[in-house]
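Reviewing the structure listed below.
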Amino acid sequence: MSDSALDAAGSSLPLSPSRKAAAPRAQSEARAESAGKEHVIDAMRGFAALLVAYFHCRQVEWVGMQTFHQSVGHSFSLSTIAAYLTFPIAWGSAGVPIFFVISGYCIHRGGALRLAKNPDYRLDTGNFWIRRFARIYPVLLAALVLTFALDWVSLQLPPVNHKIREIGLQAFLVNLFSLQGVAGKTFGSNGALWTLSLEVQFYAIYPLLFALRRRLGMTSVLAIVAVINVVSAYVFERHDLQFFTSYWFSWMLGAWIADAKARSTPDTRSSVWLYVLAAAFIALGCAAFHFGQYGAFQLWAVGFAFYLYKALERPDGDQANTLGVRLLSRFGDFSFSLYLIHLPIFVLLSSILFRSSLQMSIWPSFGYMLVAVPVAYVFYRLVELPAMKWSASFKSR
Numbered sequence: 001m002s003d004s005a006l007d008a009a010g011s012s013l014p015l016s017p018s019r020k021a022a023a024p025r026a027q028s029e030a031r032a033e034s035a036g037k038e039h040v041i042d043a044m045r046g047f048a049a050l051l052v053a054y055f056h057c058r059q060v061e062w063v064g065m066q067t068f069h070q071s072v073g074h075s076f077s078l079s080t081i082a083a084y085l086t087f088p089i090a091w092g093s094a095g096v097p098i099f100f101v102i103s104g105y106c107i108h109r110g111g112a113l114r115l116a117k118n119p120d121y122r123l124d125t126g127n128f129w130i131r132r133f134a135r136i137y138p139v140l141l142a143a144l145v146l147t148f149a150l151d152w153v154s155l156q157l158p159p160v161n162h163k164i165r166e167i168g169l170q171a172f173l174v175n176l177f178s179l180q181g182v183a184g185k186t187f188g189s190n191g192a193l194w195t196l197s198l199e200v201q202f203y204a205i206y207p208l209l210f211a212l213r214r215r216l217g218m219t220s221v222l223a224i225v226a227v228i229n230v231v232s233a234y235v236f237e238r239h240d241l242q243f244f245t246s247y248w249f250s251w252m253l254g255a256w257i258a259d260a261k262a263r264s265t266p267d268t269r270s271s272v273w274l275y276v277l278a279a280a281f282i283a284l285g286c287a288a289f290h291f292g293q294y295g296a297f298q299l300w301a302v303g304f305a306f307y308l309y310k311a312l313e314r315p316d317g318d319q320a321n322t323l324g325v326r327l328l329s330r331f332g333d334f335s336f337s338l339y340l341i342h343l344p345i346f347v348l349l350s351s352i353l354f355r356s357s358l359q360m361s362i363w364p365s366f367g368y369m370l371v372a373v374p375v376a377y378v379f380y381r382l383v384e385l386p387a388m389k390w391s392a393s394f395k396s397r
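The sequence shown begins at 1 in full-length UniProt numbering and counts up by one.
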């Protein structure tokens, strides 16, 4: 857990005997509620990371659905059925807006709770930036070094995989300073790093967003950002420039949810229509994907925001004790590590095993995932977890 830890353990005011008896139970319920929310967030992170990773895995290892269908036709062998079952992964890039919505929610939740208690609360900008730097940059540096090492080995095994871009010093520095998409391309085979520059830019601008929120209110800020999002897409995206303003709306949706939840009482009544809207927007995003990823991205973000808003209202037991949620939340613990290093692992495996040629069989892709996931977990234990602890050491008491 990170910025989402809540400091709502109780009040420092003296308690009457009856309130003293009730306090442990109230604090226990508050901790249970927080734990339930964390399970939902971590499960969504885990789902998004696995979705994006396997989406890239199929691209690196497999010939693709169209070529596969043309070759095997309507065969019903086990291999063919397994391949066809992976068809929904064609929309695997939907995992990225999940990350952005969750990021906006988690980053703003602590500040939203403090503003709800004290409207005069001001963000400690320096402390916020220091904690974000400590959380992100040690992990990013290690991921770039690992990408260089794995890609260097892959380059010794021609033909060179088409996923590998420049691995020189300039490309390394562009990605280290989170300028990919603006001043250069992503480093080596690690194309997934395109979103990290946007995240860092979100963090850089967050104190301004927080100040605007205090002056204008979150709904007004969300409306302003929506306009900026559209203008930025027209100015930058059509010229293949990826700047945070083109993706700010999805991040702001998460922040808006955090703000709304901090000011509302829990409502566990059945609001199925929120899930219906979530499913509708996600389906619209899948349809729009045929015409381009950017429009689909925006629709997916709205759909996942509807889902998150309602999922956070579910009873804590439903959230924390569901087997699927608990399992996905385990992957959510090291989702950042998995996201950062999966692609160079896949490229290396493809270079060693198949000389970078795409395979007709889908089975190797499952094996690739069985390698990448434990490696990412080790990376998490060795690199990301210490970075999280270092970041937490700067947290204001």
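Glycine included, every Cβ here is placed at the ideal spot set by N, Cα and C.
Inset, instruction - Would you mind working out which of 392, 346, 333, 146 sits nearest residue 41, comparing C-alpha positions? - result: 333
Legend entry - Three-state class that DSSP yields for residue 156 in the structure shown: coil
Inset, instruction - Could you tell me the distance, in whole angstroms, from the CA atom of residue 240 to the CA atom of residue 118? - result: 43 Å
Inset, instruction - For the alpha helix (DSSP H) holding residue 118, just list the boundary residues, first then last. - result: Premise fails: residue 118 is in no alpha helix (DSSP H) and is neither H nor E.
Inset, instruction - Would you mind reading off the limits of the alpha helix (DSSP H) that contains residue 239? - result: That residue, residue 239, is in no alpha helix (DSSP H); it is neither H nor E in DSSP.
Legend entry - residue 89 versus 123, 120, 54, residue with shortest Cα-Cα distance: 54
Inset, instruction - Would you mind stating whether residue 308 and residue 46 have Cβ atoms separated by less than 8 Å? - result: no
Legend entry - Member of 81, 323, 154 whose CA lies at the smallest distance from the CA of residue 188: 154
Legend entry - Within the region 311-368, ranges of the alpha helix (DSSP H) (whole runs, at least 4 residues): 316-321, 323-333, 335-354
Legend entry - Nearest-angstrom Cα separation, counted from residue 120 out to residue 346: When rounded, the distance between both Cα atoms is 50 Å.
Inset, instruction - Check each candidate in 344, 382, 59, 350 and name the one with the smallest Cα separation from residue 190. - result: 344
Legend entry - residue 317 versus residue 293: straight-line alpha-carbon distance, rounded: Residue placement at residue 317 is poorly supported in this model, since its pLDDT is 46, which falls under 50; the coordinates still yield a value, given next. Near 37 Å, if we compare the C-alpha coordinates of residue 293 and residue 317.
Legend entry - Every unbroken alpha helix (DSSP H) within the region 122-198, with a cutoff of 4 residues, ordered by chain: 125-155, 169-176
Legend entry - Closest by C-alpha distance to residue 66, when choosing among 355, 304, 147, 84: When only C-alpha atoms are compared, the closest one is 84.
Inset, instruction - Check whether the Cβ atoms of residue 48 and residue 98 lie closer than 8 Å to each other. - result: yes
Inset, instruction - Go to residue 71, then tell me how far its alpha helix (DSSP H) extends in each direction, as first and last residue. - result: 65-72
Inset, instruction - Could you name the residues that DSSP lists as bridge partners for residue 62? - result: 359
Inset, instruction - Output the boundary residues of the alpha helix (DSSP H) element that contains residue 256. - result: 248-263
Inset, instruction - In angstroms with no decimal places, state the Cα-to-Cα distance between residue 72 and residue 80. - result: 8 Å
Inset, instruction - Just tell me which of 102, 181, 262, 70 has its CA closest to the CA of residue 238. - result: The shortest C-alpha separation from residue 238 is found at 181.
Inset, instruction - Run the CB neighbour count on residue 152, radius 10 Å, all protein chains shown included, and call it buried at 16 or more, exposed below. - result: The residue is exposed, with fewer than 16 neighbouring Cβ atoms inside 10 Å.
Legend entry - Buried/exposed call for residue 259, threshold 16 Cβ in 10 Å: With 16 or more other Cβ atoms within 10 Å, it is buried.
Inset, instruction - Out of 139, 310, 262, point me to the one whose CA is closest to residue 376's CA. - result: 139
Legend entry - Contacting residues, own chain, Cβ-Cβ under 6 Å from residue 96 (five flanking each side not counted): 195
Legend entry - Cβ-based neighbour list, residue 390, same chain, cut-off 6 Å, excluding 5 preceding and 5 following: 134
Inset, instruction - Output the distance between the C-alpha atoms of residue 178 and residue 102, rounded to the nearest integer angstrom. - result: 20 Å
Legend entry - DSSP state of residue 232 mapped onto helix, strand, coil: helix
Inset, instruction - Could you check what DSSP says for residue 271 in three-state terms: helix, strand or coil? - result: Coil, per DSSP.
Legend entry - Extent of the continuous alpha helix (DSSP H) run through residue 390: 385-392
Inset, instruction - Just mark residue 378 as buried or exposed, buried being the case when its beta carbon has 16 or more other beta carbons within 10 Å. - result: Exposed, since its Cβ has fewer than 16 Cβ neighbours within 10 Å.
Legend entry - Beta carbon of residue 86 nearer than 8 Å to that of residue 58: yes
Legend entry - Nearest-angstrom Cα separation, counted from residue 145 out to residue 192: 15 Å
Inset, instruction - Indicate the three-state DSSP secondary structure (helix, strand or coil) for residue 28 in the structure shown. - result: Confidence at residue 28 is low in this model, with a pLDDT of 44, below 50, so its placement is unreliable and no value can be given for it.
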